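Trainee: Before I ask anything, let me first share the structure, which is written out below as structure tokens.
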Amino acid sequence: MPTALERTGDFSKSYNADGSLNVIYDPMKTFTDATGTHRTPFAGNKIPVGQLSTVGKNIASYYPLPQLSTPTGQYNFTGTDDVRDHAQEVTVKLDQQIRPWWNISGSYIFYEALQPLGNPLGTLPGSYSYTYHRQVDAVQVNSTWILNPKTVVTARYGNNRFPNLIAEVSQGFDPATLGFPASYSSQIQSKFFPTIFLRNFSQLGQNTSSLDNWKSQIINGTVARTEGRHNLTFGGEYRRIRMDFQDFSNAPGTYTFSGAFTQSGPNASGDGSGSDLADLLLGYPVSGEVDITTQLNTYLDYFAVFAQDDWRVTSRLTLNLGLRYEGETGLKEDHNQLAVGFDRTATSQLANGATVTGGILFAGVDGNRRDIGDLSLLKFAPRLGASYQIRTKTVLRGGYGILYAPLRYDPIGALAPGFTAANSYVASFDNNQTSVGTINNPFPAGLQKPIGNSAGLLTGIGNSVTSYDQNLHAPRVQQFSVGVEQELPSHIALDVSYIGSRSINLNPSPTSSTPVNFNQLDPSNFSLGSSLSDEVPNPNYVAGGPGIIGQTTVARSQTLRPFPQFTSVNLFVSSAHANYNALLIKAEKRAGHGLNLVTSFTWSRNMDSSFATANSIQSSGISAPQNVYDLEAEYAHSVTDVPYRFVAGVLYDLPFGRGERFSTGTRWGDEIIGRWQLNVLPTFQSGFPVSIYQSSNPNNTIAGNGVQRPNLVSGVALGTKGTLYDRLNGYINSGAFTTSAAYTFGNAPRTLSLRGPGYENWDISLFKSVLIRDRLNVQFRAQTFNTFNTPLFAGPNTAFGSANFGAITAQANFPRYLQLGLHITY
């Protein structure tokens, strides 16, 4: 959190982690020498009152004061909130036997929940703070017919509805209160506090507001028949899945401040200068966007038929032979209000007569498809399995199958450029050497409104555009396994298996909701160096045009981009692939006398070319490729790679009570000490790989690269030494990296050999059963989770150059908690 002095523009007492002054520079006072463009520091390291932005200063006033005195950008505030989820559920089920050979059943489930994510800052905008209002209406009907002793037919129909409302904690707040012009506030679709992203200070607000309604209808049926040694199954399924939504996430504006305008120079990195907060106070964001959206009513269809034969060839050999044929359309919209691709070769003319290449393809226009992607409707998926009993106590098993994973679609307005007007803030004409805009009035010409598909290939010019790639393919996964199961002495069953998979056509984003910017500058132009930031005449200038098209001059780098009429061209692609191999060893012993033991150990390796950075304990960094012209360079250990994992389970019926080893000899005494079961479940696993990126990324402004990684220092250990607790404030060795300069790419891979904290957990429970009468049993359950209160620490901060780099500041699991329950069966 910023100090009281800092929020007034006074950085005279703001220090970096190494004790040096966090010097801020005046972006209005620059000079150029042989080494490039430089800035002059603010006198006294204070921003003059006359240069402070009204809106920026008002936004900064919503930060709570820090609780600790720390170097700039380090954690100095701990917030808590009393978060209470409210939920209700109603389930109704009906079973009816119409005839001895005909049974039907049906059910209805209603669920509603109000899930606040909390507001630990305790301020109006909060940070990542919103409320999720969920609802579920689910209906299903099943019917089963036994036609004869060999044939059973089943049919099922399901209809589900999932409306969701995501509302910010500041819903209803008028941005005009912050000093934005009334003309700005009057044009936005939904009023709440703008989302403010800063590099070193906490985020304010959260851009997730939306109203969406998910619906699905499913019809399927199967016929199962037994013929001699064959168990045959045939079936089919049809699904229609709908997603009706309107996206308000960027309605009042989303702005990012990086410190680029107050550092010593536009391309400076790692010198401890500049402040994202100072940029905010001056009113100079590096990017921003306000969206005006249209409600979209989207859907897709899926169908499949399959046949399966479980064939007992001999008493020792069984074959499983199956084939599935399936097809899935891409996402469609009721009124074709959807982009279905980006044509990288088509040309069109601007109003000034200039010819530009590339543009959005709209559904159902000029012979274009109505649905997203190039998804084959002829997908054959074989399933083959075999089981062979080598000896009485030895069985060999193997299998192979092909699966097609469904595509994920998110309710984001960016899917429909033209029907969503994405108004991009223009920060600079010279790659952030100087600012040409201000947050006091970020869109002086007003906000563009949706115009549909009327502009054709020129839709979105001057701003960024987003679409699914027209060559998008369905993810295809080949899975295979082979294993041996052996019964060992002392009644131990040992299973040793190899499991593998090969996956292609994967979305390289961790959640499929992050596209790839293909409007990046070709690295071959990096040799032009600082001249890429020179301000040159805009060959695509159109008087009164939107965004960069309406600017008479632009940076030279913009004119050299593949599609210079756009700021970015963001496409959802299927470029990633994955490779998984694992050895699974499982042992099970039913020792008798109420004791059961199960253990499993997995030794695995998971590689992929996704640019994912997040897993269950590591917060997301920047999910983007370093070089869009070399996506294969992202191939590395997956962020979910866990080479070692051990899980065990011990279930022990304690030998107390009547008929057991220890008895009181009395009825009531045996009732008290008898029928107790002890359950012990330990889990141990290695940590996830760490992903490093630079907190400063000069290539982003110059070339549009989403992430820049540092360089590795040869021969230097990546991690620090000591116990985990000793390393909490410095888990990663910062001396193992150096900052990669502008016009270069760092040589650090996407994931390192260094791994985050491992996982150790024990869950222990004790059950007591009481038999009331023959058909009524009551079981009391006392369960402890994380019994020994062992913390699972979150991953370290991986932003090299950040004041918190390498620090572990959060716990990723729950502390020990006790759950008491009563289970009644009759």
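Residue numbers (our numbering): 37 to 862.
Cβ coordinates follow ideal geometry from the N, Cα and C atoms, glycine included.
Keep in mind the model is a prediction, meaning the values are calculated, not measured.
#1: Decide if Ser-323 is buried, meaning its Cβ has at least 16 other Cβ atoms within 10 Å, or exposed.
#2: By DSSP, does Phe-720 sit in helix, in strand, or in coil?
#3: Helix, strand or coil for Ile-860, going by three-state DSSP, please let me know.
#4: Within this structure, are the beta carbons of Tyr-461 and Val-590 separated by less than 9 Å?
#5: Roughly how many whole angstroms lie between the Cα atoms of Gly-693 and Asp-799?
#6: What span of residues does the beta strand (DSSP E) with Gly-395 cover, start to end?
#7: Identify the continuous alpha helix (DSSP H) that holds Lys-93 and give its terminal residues.
#8: Could you check what DSSP says for Gly-705 in three-state terms: helix, strand or coil?
#9: Can you tell me whether DSSP reads Arg-261 as helix, strand or coil?
#10: Less than 9 Å between the C-beta atoms of Phe-816 and Leu-858, yes or no?
#11: In whole angstroms, give me the CA-to-CA distance for Lys-65 and Asp-117.
#12: Does Val-119 pass the burial test, meaning 16 or more other C-beta atoms within 10 Å, or should it be called exposed?
#13: Which value, in whole angstroms, describes the spacing of the CA atoms of Phe-724 and Val-675?
#14: Are there 16 or more other CB atoms within 10 angstroms of the CB of Asp-407, so buried, or fewer, so exposed?
#15: Given this structure, state the Cα-to-Cα distance separating Gly-488 from Ala-343, to the nearest angstrom.
#16: In this structure, how does DSSP classify Arg-811 when only helix, strand and coil are distinguished?
#17: Does the region 428–446 come within contact of the region 551–568, defined as at least 3 CB pairs closer than 8 Å?
#18: If you run the structure through DSSP and keep just helix, strand and coil, what is Ile-17?
#19: Output the distance between the C-alpha atoms of Asn-12 and Tyr-51, rounded to the nearest integer angstrom.
#20: In the DSSP output, which residue or residues are listed as bridge partners for Met-643?
#21: Report the three-state DSSP secondary structure of Gln-522 (helix, strand or coil).
#22: Using DSSP's beta-bridge definition, name the partner residues of Asp-345.
#23: Ends of the beta strand (DSSP E) at Gln-556?
#24: Residue range of the beta strand (DSSP E) that Gln-176 falls in?
#25: Who are the near neighbours of Val-175 in its chain, counting only those whose CB is closer than 6 Å to its CB and skipping five residues on each side?
#26: Three-state secondary structure (DSSP) at Gly-583?
#27: Does the separation of the CB atoms of Val-664 and Pro-718 fall below 9 Å?
#28: Take the Cβ of Leu-807 as the centre, count every other Cβ of all protein chains shown within 10 Å, and call the residue buried at 16 or more, exposed below.
#29: What does a CB cutoff of less than 6 Å around Thr-550 pick up in its chain, not counting 5 residues either side in sequence?
#30: Let me know the secondary structure DSSP gives Asn-855 once reduced to three states.
#31: DSSP three-state call for Ile-738: helix, strand or coil?
#32: Can you tell me which residues form a DSSP beta bridge with Asn-747?
#33: Buried or exposed, going by whether 16 or more other CB atoms sit within 10 Å of the CB of Glu-125?
#34: DSSP state of Gln-594, grouped into three classes?
#35: Whose CA, out of Trp-181, Ala-753, Arg-197 and Glu-521, lies closest to the CA of Arg-278?
#36: Could you tell me whether the region 309–321 touches the region 354–365, using the rule of 3 or more Cβ pairs below 8 Å?
Mentor: On the basis of the supplied data:
#1: buried
#2: strand
#3: If DSSP states are grouped into helix, strand and coil, Ile-860 belongs with the strands.
#4: For Tyr-461 and Val-590, no; Cβs fall outside 9 Å.
#5: 25 Å
#6: 391–398
#7: 90–96
#8: helix
#9: strand
#10: yes
#11: If you draw a straight line from the Cα of Lys-65 to the Cα of Asp-117, it is about 44 Å long.
#12: exposed
#13: 6 Å
#14: Counting of Cβ neighbours within 10 angstroms places Asp-407 among the buried residues, the total reaching 16 or more.
#15: When only Cα atoms are considered, Gly-488 and Ala-343 end up about 45 Å apart.
#16: coil
#17: no
#18: Missing from the structure shown is residue 17; the chain here goes from 37 to 862 and no further.
#19: Since the first and last residues shown for the chain are 37 and 862, residue 12 lies out of range.
#20: Asn-615 and His-673
#21: strand
#22: Leu-268 and Leu-357
#23: Looking at the DSSP string, Gln-556 is not in any beta strand (DSSP E), and its letter there is neither H nor E.
#24: 166–184
#25: Tyr-144 and Asn-195
#26: helix
#27: no
#28: exposed
#29: Ser-659
#30: Correcting the residue identity first, residue 855 is Gln in this sequence and not Asn. Note: Gln-855 maps to strand in three-state DSSP.
#31: helix
#32: Thr-774
#33: exposed
#34: helix
#35: Arg-197
#36: Taking a cut-off of 8 Å for Cβ pairs, the region 309–321 and the region 354–365 do not touch, as fewer than three such pairs fall below it.
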